[in-house]
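See below for the structure under consideration.
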Amino acid sequence: MSPISPELQALDLLEDPSELDEEADFVACDRCESWSMMSAAVNANATPETLSTILIERDEVLHVERCTVDQSDNATWFKLRKGRITASNFFKVCRAVDNLKCPPSLMKSLLGEYDLSHSEVPSLEWGKRKEKAALDLYIRVNRHKHKGCMLEKKGLRIYTRLPYVGCSVDGLFSCKCHGENLVEVKCPFADKNLNPKEVAIKKGCVLDSSGELQVTDKCEYYHQIQGQMGIYGIHKSDLVVFTKKGIAVASATFDPLFFERMCNKFQLFFLNHLANAIISCQ
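Residue numbering for the sequence shown follows the working numbering, starting at 14 and increasing by one per position.
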């Protein structure tokens, strides 16, 4: 494999086309599905309060994560996300609480009423196809900056403190010199022909005094990334923005106060809106 400069910003790594046509692995796991919010609501005595206090041990959390590592190519991943506040909706849920209004489209999304398992929406198809290319480039560039680095795929991580909250990160990066950080990939379809650094800035990232990109609270992915770090207990994350011209990487640092405020809003939203919707579905 030829060497790659750490400053590279113009490489488009395409995955093997044969990988794109593989049948999705829709093998269900009964043990995992016992942690479905929908299954929990089957209990005749289910109330918003009882649903909000489901206990899930760490070994079960890790089992679910392992069994759903294929994410959108996995039936159990979809089932366990139904009725849970997951990272891609963190901002929308917080905004709904702030505005004292829950949009019907948000509730449909949280209840899994939009079938995205075989979606042909161009933006979703592009993001799914290019995520692997972005991660391949990210790890290849970082091999020149870190010792013993590796990138691990992850499935759905349920938050033990709030079992109706979860996230599915795009990767967990680790090295011998700096420890661990999460990785979140974005492949904006509308901006696919632009320079990735320009896209990152357009999305709310800023350049610091040393010229490095930083994720700020103005970034449209801030809630998602902060929530992921809080759920994992990891204080660093990299936002990887991918376009046809390469990748740009913006760093994020965990803000515990911001995460705590988010969790308070998740609790309010679940008790006032989502729990009753889950129960009424049964």
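Built from N, CA and C at the ideal position, the CB exists for glycine as well.
Taking 9 angstroms as the threshold (C-beta atoms), are residue j and residue i in contact?
| i | j | result |
| --- | --- | --- |
| LEU226 | VAL196 | no |
| PHE91 | GLY125 | yes |
| GLY184 | LEU169 | no |
| LEU75 | ASN102 | no |
| THR256 | ASN194 | no |
| GLU211 | SER187 | no |
| TYR177 | PHE271 | no |
| PHE282 | ALA109 | yes |
| LEU287 | LEU148 | no |
| GLY217 | THR229 | yes |
| LEU167 | VAL82 | The residue you asked about is not Leu; residue 167 is Lys in the sequence shown. It is a contact, given that the beta carbons lie within the stated cut-off. |
| SER49 | LYS121 | no |
| ILE260 | ALA54 | no |
| ALA265 | TYR235 | yes |
Using DSSP with H/G/I as helix, E/B as strand and the rest coil, what is residue i?
| i | result |
| --- | --- |
| VAL40 | Low per-residue confidence applies at VAL40: pLDDT is 46, beneath 50, and the placement is therefore not dependable, though the value from the model is reported in the following sentence. VAL40 falls in the coil class under three-state DSSP. |
| VAL55 | coil |
| VAL228 | coil |
| VAL219 | strand |
| THR60 | coil |
| THR99 | strand |
| GLU35 | Reliability of the predicted coordinates at GLU35 is poor, the pLDDT of 38 falling under 50, and the value obtained from them is presented with this limitation in mind. Three-state result, GLU35: coil. |
Roughly how many angstroms separate the alpha carbons of residue i and residue j, rounded to a whole number?
| i | j | result |
| --- | --- | --- |
| CYS80 | GLU46 | 10 angstroms |
| ILE247 | PHE267 | 8 angstroms |
| VAL40 | VAL106 | Its pLDDT being 46, under 50, VAL40 is placed unreliably in this model, and the value from its coordinates should be taken loosely. Computed Cα separation, rounded: 30 angstroms. |
| GLU138 | ALA203 | 13 angstroms |
| LYS189 | ILE152 | 14 angstroms |
| ASN285 | ALA59 | 15 angstroms |
| LEU113 | ASN155 | 44 angstroms |
| ASN87 | ILE67 | 24 angstroms |
| LYS258 | ASN208 | 6 angstroms |
| HIS191 | GLN237 | 23 angstroms |
| LYS215 | ASN289 | 38 angstroms |
| GLU73 | CYS276 | 21 angstroms |
| THR89 | TYR127 | 16 angstroms |
| LYS158 | LEU150 | 13 angstroms |
| PRO269 | ILE69 | 23 angstroms |
| GLY224 | CYS232 | 17 angstroms |
| ASP43 | SER65 | 22 angstroms |
| LYS249 | VAL219 | 17 angstroms |
| SER52 | ARG71 | 19 angstroms |
| VAL134 | ASP251 | 26 angstroms |
| PRO61 | GLN239 | 26 angstroms |
Can you give me the Cβ contacts of residue i inside the same chain, cut-off strictly under 6 angstroms, excluding the 5 residues immediately before and after it?
| i | result |
| --- | --- |
| CYS294 | none |
| GLN241 | ALA100, CYS180, VAL182, LEU195 |
| SER136 | PHE202 |
| ASN56 | none |
| LEU93 | SER49, LEU169 |
| CYS115 | ALA109, HIS286 |
Near residue i, which residues of its chain fall below 8 angstroms by C-beta distance, leaving aside the five closest residues on each side in sequence?
| i | result |
| --- | --- |
| LYS141 | SER85 |
| ASP111 | LYS278 |
For residue i, I'd like the list of residues in its chain whose CB is within less than 7 angstroms of its CB, leaving aside the five on either flank, ordered along the chain.
| i | result |
| --- | --- |
| VAL198 | GLU144, ALA147, LEU148, ASP183, VAL253, PHE255 |
| THR63 | none |
| GLU78 | LYS167, GLY168, LEU169, ARG170 |
| ARG97 | MET50, TYR177, VAL178, GLY179 |
| TYR172 | VAL178, GLY179, ILE244 |
| PRO117 | none |
| ASP221 | GLN227 |
| CYS200 | TRP139, GLY140, LYS143, GLU144, ALA147, PHE255 |
Hey, which unbroken runs of the beta strand (DSSP E) at 3 residues or more fall wholly within the segment 156 to 214? 163 to 165, 178 to 180, 184 to 188, 192 to 199
Sequence ranges, alpha helix (DSSP H) only - wholly within the segment 241 to 287, length at least 4: 269 to 282
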